[in-house]
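Q: Using our numbering, the first residue of the sequence shown is number 49, and each one after it goes up by one.
Below are the structure tokens for one structure; questions will follow.
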Amino acid sequence: MTGGFRFLPHTADIRFEAWGSTRDDCLAAAARALVASFAEFPAGAPESTRTAELAGTDEQLLLAVLDEIIYLLDAEGVVPLDIGVAPRPAGIALELGVVAVARAEIVGATPKAVALHGLHIGHGDRGWRCAATVDV
Numbered sequence: 049m050t051g052g053f054r055f056l057p058h059t060a061d062i063r064f065e066a067w068g069s070t071r072d073d074c075l076a077a078a079a080r081a082l083v084a085s086f087a088e089f090p091a092g093a094p095e096s097t098r099t100a101e102l103a104g105t106d107e108q109l110l111l112a113v114l115d116e117i118i119y120l121l122d123a124e125g126v127v128p129l130d131i132g133v134a135p136r137p138a139g140i141a142l143e144l145g146v147v148a149v150a151r152a153e154i155v156g157a158t159p160k161a162v163a164l165h166g167l168h169i170g171h172g173d174r175g176w177r178c179a180a181t182v183d184v
């Protein structure tokens, strides 16, 4: 199992659950879920790469990954097409192959912020799982 996600019912916002064999796979799946909630892309290669070194607890890392995607969308008008997460001693290295949002087909409401309520990540018998609610 490398990772996956599913959307959960929610009245007004986006709620998803993601999973992976490792914490990093789970974080990458959560990032893919966030992007899939509002954008689809034609086949193609990323236009450029954005990297970030993120530190903190597992929950702080989940929040930071999702916040980084929202920041890039708002500040630079780009969205990740490729998502890579690698372990680091104090956290993770996030590598995002991005494209201009103009290349995307917008299929949902634009995310505005990650809600702290209901934010969760943890390890269990079947790997890592996380959940998040995103305000739109």
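A virtual CB, placed ideally from N, CA and C, is assigned to each residue, including glycine.
Computed from a predicted model, the values in this text were never measured in an experiment.
Could you check where the alpha helix (DSSP H) with residue 151 kicks off and where it finishes?
A: Counting along the chain, residue 151 falls outside any alpha helix (DSSP H), and DSSP gives it neither H nor E.
Q: From the DSSP output, which residues share a beta bridge with residue 135?
A: Answer is 140, bridged to residue 135.
Q: Run through DSSP, which three-state label would residue 66 get?
A: In this structure, residue 66 counts as strand in the three-state DSSP scheme.
Q: By DSSP, does residue 180 sit in helix, in strand, or in coil?
A: Of the three classes helix, strand and coil, the one that applies to residue 180 here is strand, per DSSP.
Q: Going by C-alpha to C-alpha distance, which of 55, 95 and 93 sits closest to residue 79?
A: Answer by Cα proximity: 55.
Q: Does residue 159 pass the burial test, meaning 16 or more other C-beta atoms within 10 Å, or should it be called exposed?
A: Flag for residue 159 reads buried.
Q: For residue 52, which residues does DSSP report across the bridge?
A: 67, per the DSSP bridge assignment.
Q: Shortest alpha-carbon distance to residue 72 belongs to which of 183, 181 and 176?
A: Per the Cα distances, 176.
Q: At what residues does the alpha helix (DSSP H) containing residue 123 begin and finish?
A: Unbroken alpha helix (DSSP H) run through residue 123: 106 to 124.
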